[in-house]
C-alpha cells in the first residue's frame, strides 16, 4: 500500500513524500533511507549463513534509484545476486532473471458478484455490451489523445476524467465519476490501461478486478510477477504505442471463444495471485521459487 499516492486521483496536488523514508546525503541526491537497512541485512552473519535466502526489496520510487540501490547494497556481486528488487517502474534498470515486477495497487478494486462469475463460466457476455472503454487523464502525452479518437459513443466509450459523457450515458445521473468508471468497466469486454507518468497503470489492476480484459499501451511495460508464473498474453492485449489507432482491429481479431478463454483464465489467476495483498505476495514468492529452485 506504500506505492499509492495518498491523494489519488489528484496526482501531485498538495502531495509530499514521507519524510522518514529519506535523508539528506551530499549536495546532489536524496538517498533512500532503506539503503542503510539493505546494506546492513546483506552484511549480516545471518544472511551469509542462510545461503538459500533472498532479500526482497519493494521499490516504488524513481528508476534511477534501482541502480543506486543495487550498487550500494554490497560490494560482493554474489551477495547482490541474492537480492530481488520489486519495482513498479524502471524496467531499464531491472536485472533480468533476478528482479520481479510489482502489481500496481488497485485504487478502485471491484468485487465480482456470484452472478458475474457465473456468466463468465458460461461464456455469456450479454451483460457486457461495450467493446472497449477508457476514462482517464489526457495530461500525460499525445498517445492518450489517440486513444480518445477511438470513441464512437456506441460500443466504444473514451473520455477525459473531467468529462461528463459517461455520467450522461449512465441511467442513474446521480452516479459519481468513480462509480461510473466501475460500472462501465463491468459492462465492457475490454478496458484501456495506458501507462501514466511512469511505466505502470492503476487502471490495469482495477480492470483485472472486474474481469475486464486490459488493453495495455506501452512498449516497455513491466509485467508483474514473472513468466515462470503465467503468461500475461493469455489474459491481456498488448498494443504497441505506434499502433494505437489500430486498437479496435486488434480486438476484433479476437474470436468470441478466445475472449471467453482469456476472461476465464483472468478470473482464475486473479483469485489465485491478485485478489489482495496476500495473494500478490504469494505470486511473488512462487515466481522466485520457480526461478531459483533448491
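Residue numbers (our numbering): 10 to 303. By construction, the Cβ of each residue, glycine as well, lies at the ideal position given by its N, Cα and C atoms.
| task | May I have the straight-line CA-CA distance separating residue 298 from residue 114, to the nearest angstrom? | result | 23 Å
| task | State the Cα-Cα distance for the pair residue 282 and residue 45, rounded to the nearest angstrom. | result | 31 Å
| Sequence-distant residues of its chain with Cβ nearer than 7 Å to residue 35 (five each side left out) | Reliability fails at residue 35, whose pLDDT of 40 lies under 50, so the model's placement of it is uncertain and the value that follows must be treated cautiously. So the list is empty, once near-sequence residues are dropped.
| Span of the alpha helix (DSSP H), counted from its first residue to its last, around residue 139 | Looking at the DSSP string, residue 139 is not in any alpha helix (DSSP H); the run it does join, the beta strand (DSSP E), is 139-145.
| request: Would you kindly check if the distance between the Cβ of residue 203 and the Cβ of residue 153 is under 7 Å? | output: yes
| query | With a cut-off of 7 Å, does the C-beta of residue 285 fall near any C-beta of chain B? | reply | The structure shown contains no chain B, having only a single protein chain.
| query | Could you check where the beta strand (DSSP E) with residue 64 kicks off and where it finishes? | reply | 64-68
| task | Evaluate residue 240 with the Cβ neighbour count: other Cβ atoms within 10 Å of its Cβ, from every protein chain shown; 16 or more gives buried, anything less gives exposed. | result | exposed
| query | Are residue 129 and residue 276 closer than 7 Å when you measure CB to CB? | reply | yes
| said: Just verifying my parser: in three-state terms, what is the DSSP assignment at residue 284? | reply: coil
| What is the rounded straight-line gap between the Cα of residue 33 and the Cα of residue 231? | Residue confidence is low: residue 33 scores 38 on pLDDT, short of 50, so the model does not pin down where it sits. No coordinate-derived value is stated.
| message | Using only the alpha-carbon positions, how far apart do residue 140 and residue 165 sit? | response | 6 Å
| task | Under the assumption that residue 109 contacts residue 93 (Cβ atoms under 8 Å), give the Cβ distance between them as a whole number of angstroms. | result | 6 Å
| query | From the DSSP output, which residues share a beta bridge with residue 225? | reply | 202, 247
| field | Distance, residue 234 Cα to residue 68 Cα | value | 14 Å
| said: If the criterion is Cβ atoms closer than 7 Å, does the pair residue 245 and residue 225 meet it? | reply: yes
| query | What are the partner residues of residue 169, as DSSP defines its beta bridges? | reply | 145
| query | Hey, out of 215, 57, 288, 105, whose CA is closest to residue 191's CA? | reply | 215
| field | Segment limits, alpha helix (DSSP H) that includes residue 6 | value | Because the chain is modelled from 10 through 303, residue 6 falls outside the range shown and cannot be assessed.
| message | Checking the sheet assignment: what are the DSSP bridge partners for residue 92? | response | 64
| Residue range of the unbroken alpha helix (DSSP H) whose run includes residue 257 | 256-261
| request: Return the residue from the list 127, 160, 133 that minimises the CA-CA distance to residue 254. | output: 160
| Tell me which same chain residues have a C-beta within less than 8 Å of the C-beta of residue 66, skipping the five on either side of it? | 43, 47, 78, 92, 93, 94, 95
| Can you tell which of 287, 146, 86, 209 has its C-alpha closest to the C-alpha of residue 229? | 209
| task | Return yes when the Cβ of residue 247 is within less than 7 Å of the Cβ of residue 61, no when it is not. | result | no
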